[in-house]
Amino acid sequence: GKYEEAETMHQRALEGYEKVLGPEHPDTLTSVNNLGLVLSSQGKYEEAEAMHQRALEGCEKVLGPEHPDTLTSVSNLGSVLSSQGKYEEAEKMNRRAL
Numbered sequence: 001g002k003y004e005e006a007e008t009m010h011q012r013a014l015e016g017y018e019k020v021l022g023p024e025h026p027d028t029l030t031s032v033n034n035l036g037l038v039l040s041s042q043g044k045y046e047e048a049e050a051m052h053q054r055a056l057e058g059c060e061k062v063l064g065p066e067h068p069d070t071l072t073s074v075s076n077l078g079s080v081l082s083s084q085g086k087y088e089e090a091e092k093m094n095r096r097a098l
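Quick note: the sequence shown uses full-length UniProt numbering, first residue 1, plus one each step.
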């Protein structure tokens, strides 16, 4: 796929959400998560991990630990940790997502 193009589009969308809605708005956090997924799809796991970590922290703060969007962030972070061979951390995330 056209991942680099998608990355640019998601980056622009995120910047727009941050300006208009602020960094902790749920729509901004969804955008952060989406960017993380695109980065992960390109094998940019460290950048993806940072995005998913940011999304998770924001979702926990704004939506609470049991909200579906928070649990999606937990799962996404678990996946990217696993992709980097960080299995112990990934397992913690995956258990939490259950």
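Just so you know, even glycine gets a beta-carbon here, dropped at the ideal spot from N, CA and C.
Distance, residue 59 Cα to residue 24 Cα
If you number the sequence shown from 1, residue 24 lands on position 24. If you number the sequence shown from 1, residue 59 lands on position 59. Those two C-alpha atoms are separated by around 8 Å.
Straight-line gap, residue 70 to residue 63 (C-alpha atoms, nearest Å)
Reading the sequence shown from its first residue, position 70 is the one you call residue 70. Reading the sequence shown from its first residue, position 63 is the one you call residue 63. Roughly 7 Å between the two C-alpha positions.
Backbone secondary structure at residue 29 - three-state DSSP
On the sequence shown, residue 29 is found 29 positions in, with the first residue counted as 1. Three-state DSSP puts residue 29 in a helix.
In or out: residue 87 buried (at least 16 other Cβ within 10 Å) or exposed?
Here residue 87 refers to the residue found at position 87 when the sequence shown is read from its first residue. Exposed, because fewer than 16 other Cβ atoms sit within 10 Å of the Cβ of residue 87.
If you count every other CB in all the chains shown that lies within 10 Å of the CB of residue 20, and 16 or more means buried, which is it?
Position 20 of the sequence shown, counting from 1, holds the residue named residue 20. With fewer than 16 other Cβ atoms within 10 Å, it is exposed.
Indicate whether residue 89 and residue 98 have their beta-carbon atoms separated by less than 8 Å.
Numbered from its first residue, the sequence shown carries residue 89 at position 89. Numbered from its first residue, the sequence shown carries residue 98 at position 98. It is not a contact, given that the beta carbons lie outside the stated cut-off.
Which of helix, strand or coil DSSP assigns to residue 10:
Here residue 10 is taken as the residue at index 10 of the sequence shown, counted from 1. Note: residue 10 maps to helix in three-state DSSP.
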